[in-house]
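Residue numbers (my numbering): 15 to 213. Every residue, glycine too, gets a C-beta built ideally from N, C-alpha and C.
If you want it as structure tokens, here you go:
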């Protein structure tokens, strides 16, 4: 049995929105990919994943989320895959001024929900081309067929976010504060190899 494929098959049979982490451990696991950026791997992972730094609607402090993004005509888009329960989405509803970080660098943005029919259809088609399994799972979770009539009829439940450049103040982006680990690992590897040669 191909365990990874079997696991993914079982996972895709569940509604995406039910997988949103609600306990502390789940939230910690959900945020683990952020460490890739802190380790200095942003130029690599930033080709696919985006760090969004938003402001907590209750705490008022910067919060980070890493999500998949795709670009169209120079504009970056993400989907709030877990719907209105998504904390980062609720935060940007309260304060849409965000900082995003991708392989293009750090950018100050205003997060705007996509509501215009033509733009929404173009973005859905973009995500269906770039990541068919994930987008199909997202739509299937809401019993929405991947066609224009169904998508427009259910547009209130489909949450895509567009990022527009802004000169307004935005929260500080995520620092690469763990890059020091790499030279330390190299030093440890060198010392270990040195001791092995002496034995």
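On the DSSP letters alone, give me the boundaries of the alpha helix (DSSP H) that residue i sits inside.
i: residue 135; result: 131-144
i: residue 162; result: 162-167
i: residue 59; result: 56-59
Less than 8 Å separating the beta-carbons of residue i and residue j?
i: residue 165; j: residue 158; result: yes
i: residue 111; j: residue 188; result: no
i: residue 126; j: residue 176; result: yes
i: residue 134; j: residue 106; result: no
i: residue 178; j: residue 124; result: yes
i: residue 80; j: residue 48; result: yes
i: residue 43; j: residue 192; result: no
Pull the bridge partners of residue i from the DSSP assignment, please.
i: residue 124; result: 111 and 178
i: residue 116; result: 119
i: residue 79; result: 66
The beta strand (DSSP E) spanning residue i covers which residue range?
i: residue 66; result: 63-69
i: residue 86; result: 84-86
i: residue 72; result: Per DSSP, residue 72 belongs to no beta strand (DSSP E) and is neither H nor E.
i: residue 98; result: Residue 98 -> no beta strand (DSSP E), and no H or E assigned at all.
Q) Below 8 Å, can you find three or more Cβ-Cβ pairs linking the region 59-79 to the region 88-107? A) yes
Q.
For the region 149-156 against the region 193-207, do three or more pairs of beta-carbon atoms, one drawn from each stretch, fall closer than 8 Å, so that the two count as touching?
A. no
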